[in-house]
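**Student:** This is the structure I have questions about; it appears just below.
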Amino acid sequence: MQIARMRGAVVIGTAREENHDHLWKLGAAPVVYGDGLVGRVRALAPGGVDAALDGAGGHALEVSLELVADRRRIVTLVEHARAPELGVATVQGRRTAERLGRYARLYAEGAFTFPVRRAYRLEEAARAHREIETGHGRGKIVLTLA
47 MQIARMRGAV VIGTAREENH DHLWKLGAAP VVYGDGLVGR VRALAPGGVD AALDGAGGHA
107 LEVSLELVAD RRRIVTLVEH ARAPELGVAT VQGRRTAERL GRYARLYAEG AFTFPVRRAY
167 RLEEAARAHR EIETGHGRGK IVLTLA
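Below you can see the structure in the form of structure tokens.
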């Protein structure tokens, strides 16, 4: 969200109501997900939605398909198997030292925040992965090296 905002996007984020303050702080207009989501997003963006990033799959991806006219402007992080049949993209960006360095500089300059939910020692990687699989929580899970 923060990078999209830096690039000039108006961002709408979906979350449970108790997480809406967090979305506001990240620069996104929050909406509650679930039944009626299409209508709530259209109320915030009456001119339409240009692109969508699907991080949940299932119903969330179906909502994106309904809201975004050009399916090539929908990226799913989770529905990789369905992406080709639906005509949506998956994340294809290459991870490079140059790209990481650019984001590290932006972070150091205070251009965006990088919330960390919890740090685990490398030996606890399985436990960290189980926490990620819950699909809940704010911030990144970080593995640390001793």
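Under the numbering used here, the first residue of the sequence shown is numbered 47, with each subsequent residue one higher. Quick reminder that beta carbons are idealized off the backbone N, C-alpha and C, glycines included.
Helix or strand or just coil, what does DSSP make of Tyr79?
**Tutor:** On the sequence shown, residue 79 is found 33 positions in, with the first residue counted as 1. Coil.
**Student:** For the beta strand (DSSP E) containing Arg164, name the first residue and the last one.
**Tutor:** Position 118 of the sequence shown, counted from the start, is the residue given in the question as residue 164. Looking at the DSSP string, the run of the beta strand (DSSP E) that includes Arg164 is Val162 to Arg167.
**Student:** Could you have a look at Gly147 and say whether DSSP puts it in helix, strand or coil?
**Tutor:** Numbered from its first residue, the sequence shown carries residue 147 at position 101. In the structure shown, Gly147 sits in a helix (DSSP, three-state: H, G or I).
**Student:** Go ahead and pull the three-state DSSP assignment for Leu123.
**Tutor:** Position 77 of the sequence shown, counted from the first residue, corresponds to residue 123. Reduced to three states, the DSSP call for Leu123 is coil.
**Student:** Taking the alpha-carbon positions, what's the Leu113 to Arg86 distance?
**Tutor:** For the purposes of this step, residue 113 is identified with residue 67 of the sequence shown, where counting begins at 1. For the purposes of this step, residue 86 is identified with residue 40 of the sequence shown, where counting begins at 1. Answer to the nearest angstrom: the Cα atoms are 11 angstroms apart.
**Student:** Grab me the residues of Arg184's own chain with a C-beta within less than 8 angstroms of its C-beta, minus the 5 sequence neighbours each way, in chain order.
**Tutor:** Taking the first residue of the sequence shown as 1, we reach residue 184 at position 138. Asn65, His68, Pro161 and Arg163, listed in sequence order.
**Student:** Taking the alpha-carbon of Ala98 as reference, which of Gly80, Pro92 and Ile58 has the nearest alpha-carbon?
**Tutor:** Within the sequence shown, residue 98 is the residue found at index 52, counting from 1. Looking at the Cα atoms, Ile58 is the closest of the given residues.
**Student:** Do you know how far the Cα of Arg167 is from the Cα of Gly101?
**Tutor:** Position 55 of the sequence shown, counted from the first residue, corresponds to residue 101. Position 121 of the sequence shown, counted from the first residue, corresponds to residue 167. Between Gly101 and Arg167, the C-alpha separation is close to 26 angstroms.
**Student:** Quick test of your reading: Arg117 and Val134, contact by CB under 8 angstroms. State the CB separation rounded to the nearest angstrom.
**Tutor:** One-based indexing of the sequence shown puts residue 117 at position 71. One-based indexing of the sequence shown puts residue 134 at position 88. Yes, Arg117 and Val134 are in contact; Cβ-Cβ is about 5 angstroms, under 8 angstroms.
**Student:** Do Ala172 and Leu189 have their C-beta atoms within less than 8 angstroms of each other?
**Tutor:** The residue given as residue 172 occupies position 126 in the sequence shown. The residue given as residue 189 occupies position 143 in the sequence shown. It is not a contact, given that the beta carbons lie outside the stated cut-off.
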